[in-house]
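Take a look at the structure below.
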Amino acid sequence: MTYSLVEIPREATPDSADGWMFHQSAGVIAAALRASIGDDESALNAAELWALGRETPGGFGCQAVILDGAAPGRVVAFAEVDLPMKDNLISAHLHSWVHPDHWRRGLGTRLEAWQLGIAEEFQRTTLITWVAAREPHDDEASITAPEGGSFAADLPAWGFAQKHCWMVEQVERTSRLDLPVDQGLLDSLRAKVARASSGYEVLSHVGPIPSDWVDGLAELHEVMSVDIPTAGLDFTPEKWDAERVLSEYEMIRNMNREMVLVVAREISSGRLVGFSDLAVQRDSGDGKGFQWNTLVRRQHNGHRLGLALKLASTEAIMAETPWITRIYTDNASENGAMLAINHAIGYQLANPTVAFQKRL
Ligand SMILES: CC(C)(COP(=O)(O)OP(=O)(O)OC[C@H]1O[C@@H](n2cnc3c(N)ncnc32)[C@H](O)[C@@H]1OP(=O)(O)O)[C@@H](O)C(=O)NCCC(=O)NCCS
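Counting in the working numbering, the final residue of the sequence shown is number 1538, and the numbers go up one at a time with none missing.
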């Protein structure tokens, strides 16, 4: 069987003449997810694949497909390489998916060779990829990350990782919140927050980022990049400025999503001391929202601001984007504080996500 690898042209968009590559790749990803973990909830649509894979806030991406020689114009695999350009210059972030009808024919290996070529061209020495996995049953073989967190060992990516010398560095927990959350629960959490957080105000906003928040958000993003548990992953502090904050918003709009942003402000100084941002589908779509960051500066811990941020964003979504039926969030397995807050609001643990790393 013959296959050909084609790079997606940089100027391609889902609506351009080459747009079929994004649309078919979205189908390949959904099929690969269903075959490897049993559901395709974390699949991306064509607009999301395009927006996330091109000019990202801190870098840029390259994307390629593999076409089936026996069925001209049919995409059977998709891969991308995201290259940070403002910081983390030793790293490349990779993703690849092969349609299950074409597994074990060397296509994953071929995609990796293409990705390695780009990483080497840009002198990257650490490769990182994140893979959705499945929770192991009690009596099932499982793999555990050095800092904790396990996944079922029959994951195809684990077989591939062993063959190609990738290490398991971290297992994240994906959790899911079904909306609407019971009003009685929200009211009791709000009372708890109010008692602990006098001296702060929590403000939420859906839509373009308020201009007087932008500089404060850039600072908070820099703190976020070093404050979350990163296990053995080779992450170095990120560099954020106003332009990067605004370009992230632009990317979210290109994904046909809207940003839900919540900040915690210290009343005495007027400084932003915490934030939480989510991207939710802009129209009814398939009703999904995705939590991105949540951070409270260490000096301001202990005032239940983490819970206050999450509570405010949940209420903003229920009030302003009522078509959203569920929110997903990923947290390191060892991030007990964040997992406890999510649990209090009603998040249920869903599948693990594995971070694999390979040093060249
Ligand atoms: C992981 C994935 C990309 C592998 O694609 P593939 O085209 O089947 O991979 P290859 O044929 O190049 O496999 C190369 C080697 O990896 C190992 N391997 C791949 N899949 C495996 C599996 N299910 N079980 C055990 N080993 C496996 C084998 O050693 C294989 O060589 P062999 O077939 O000669 O024994 C594919 O299963 C997939 O799309 N999974 C879902 C998405 C995903 O997890 N992506 C991972 C990176 S983001």
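Don't be surprised by glycine CBs; every beta carbon is placed ideally from N, CA and C.
Along the chain, where does the beta strand (DSSP E) containing residue i start, and where does it finish?
i: Asn-1509; result: 1504–1510
i: Trp-1470; result: 1466–1474
i: Gln-1241; result: 1237–1246
i: Trp-1281; result: Here Trp-1281 belongs to no beta strand (DSSP E), and DSSP marks it neither H nor E.
i: Ser-1274; result: 1269–1276
i: Trp-1308; result: 1304–1310
i: Gln-1459; result: 1450–1459
i: Lys-1536; result: 1526–1537
i: Leu-1261; result: 1253–1262
i: Ala-1442; result: 1435–1444
Given a cut-off of 8 Å on the beta-carbon distance, is the pair residue i and residue j in contact?
i: Ser-1454; j: Ser-1491; result: yes
i: Ala-1310; j: Leu-1289; result: no
i: Asn-1513; j: Phe-1413; result: no
i: Trp-1198; j: Ala-1242; result: no
i: Arg-1351; j: Asn-1509; result: yes
i: Leu-1305; j: Leu-1538; result: yes
i: Glu-1313; j: Ser-1511; result: no
i: Ile-1186; j: Leu-1355; result: no
i: Leu-1294; j: Ile-1244; result: no
i: Arg-1482; j: Val-1371; result: yes
i: Leu-1363; j: Gly-1247; result: no
i: Val-1384; j: Glu-1436; result: yes
Tell me whether residue i counts as near ligand 1, meaning its Cβ is closer than 7 Å to at least one heavy atom of that ligand.
i: Ser-1214; result: yes
i: Thr-1352; result: no
i: Lys-1542; result: Residue 1542 lies beyond the range of the chain shown here (1179 to 1538); nothing can be said about it.
i: Ala-1297; result: no
i: Gly-1205; result: no
i: Ser-1328; result: no
i: Trp-1198; result: no
i: Leu-1411; result: no
i: Phe-1256; result: no
i: Pro-1314; result: no
i: Arg-1283; result: yes
i: Gly-1524; result: no
i: Pro-1530; result: no
i: Ala-1580; result: Not covered by the structure: residue 1580. The range shown for the chain is 1179 to 1538.
i: Phe-1468; result: no
i: Phe-1338; result: yes
Within the continuous alpha helix (DSSP H) that includes residue i, where are the two ends?
i: His-1521; result: 1514–1523
i: His-1540; result: With the chain running from 1179 to 1538 in the structure shown, residue 1540 is simply not present.
i: Leu-1381; result: Run containing Leu-1381: none in the alpha helix (DSSP H); it sits in the beta strand (DSSP E), 1378–1384.
i: Ala-1494; result: 1483–1498
i: Gln-1361; result: 1361–1374
i: Asn-1432; result: 1420–1432
i: Arg-1212; result: 1198–1215
i: Glu-1226; result: 1224–1231
i: Ala-1190; result: First-last for Ala-1190: undefined, no H or E at that position.
i: Ser-1323; result: It should be noted that the sequence gives Ala, not Ser, for residue 1323. Premise fails: Ala-1323 is in no alpha helix (DSSP H) and is neither H nor E.
Report the rounded CA-to-CA distance for residue i versus residue j, giving the unit in angstroms.
i: Ala-1518; j: Ala-1528; result: 15 Å
i: Cys-1240; j: Gly-1480; result: 42 Å
i: Ser-1203; j: Trp-1308; result: 18 Å
i: Ala-1430; j: Pro-1235; result: Correcting the residue type first, residue 1430 is Ile in the shown sequence and not Ala. Taking the straight line from one Cα to the other gives about 10 Å.
i: Pro-1298; j: Arg-1368; result: Pro is not the amino acid found at residue 1298; the sequence shown has Glu there. Each residue's alpha carbon lies about 51 Å from the other.
i: Met-1263; j: Val-1392; result: 21 Å
i: Glu-1578; j: Arg-1283; result: Given a span of 1179 to 1538 for the chain in the structure shown, any question on residue 1578 remains unanswerable.
i: Thr-1548; j: His-1399; result: With the chain covering only 1179 through 1538, there is no way to say anything about residue 1548.
i: Ile-1445; j: Val-1451; result: 10 Å
i: Lys-1341; j: Ile-1495; result: 43 Å
i: Met-1402; j: Pro-1415; result: 9 Å
i: Ala-1210; j: Val-1349; result: 20 Å
i: Ala-1335; j: Asp-1365; result: 43 Å
i: Glu-1274; j: Ile-1406; result: The amino acid at residue 1274 is misidentified as Glu; the sequence shows Ser. Cα to Cα, the separation comes out at about 25 Å.
i: Leu-1183; j: Pro-1358; result: 44 Å
i: Thr-1180; j: Glu-1258; result: 21 Å
i: Val-1474; j: Asp-1279; result: 45 Å
i: Ile-1387; j: Thr-1507; result: 21 Å
i: Gly-1327; j: Phe-1534; result: 13 Å
i: Arg-1277; j: Lys-1536; result: Note on identity: in this sequence residue 1277 is His, with Arg being the wrong assignment. When rounded, the distance between both Cα atoms is 23 Å.
i: Arg-1232; j: Glu-1189; result: 9 Å
i: Arg-1212; j: Glu-1219; result: 9 Å
i: Asn-1520; j: Trp-1344; result: 31 Å
i: Glu-1426; j: Ser-1269; result: 20 Å
i: Ala-1229; j: His-1315; result: 36 Å
i: Phe-1287; j: Leu-1272; result: Checking the sequence, you will find Thr at residue 1287 rather than Phe. Computed Cα separation, rounded: 13 Å.
i: Arg-1252; j: His-1201; result: 11 Å
i: Phe-1338; j: Trp-1281; result: 11 Å
i: Pro-1192; j: Asn-1434; result: 12 Å
Check whether the Cβ of residue i lies closer than 8 Å to any Cβ atom in chain D.
i: Glu-1258; result: In the displayed structure, chain D is absent; only one protein chain is listed.
The stretch 1217–1232 / the stretch 1377–1390 touching (three or more Cβ pairs under 8 Å): no
message: For the pair the stretch 1431–1447 and the stretch 1456–1476, tell me if three or more CB-CB distances fall below 8 Å.
response: yes
field: Touch test, the stretch 1309–1324 against the stretch 1495–1505, Cβ-Cβ under 8 Å, three pairs minimum
entry: no
message: Would you call the stretch 1413–1423 in contact with the stretch 1460–1474, where contact means no fewer than 3 C-beta pairs closer than 8 Å?
response: no
message: Whether or not the stretch 1325–1341 and the stretch 1474–1488 are in contact is what I'm after, with contact meaning three or more pairs of Cβ atoms, one per stretch, closer than 8 Å; do they touch?
response: no
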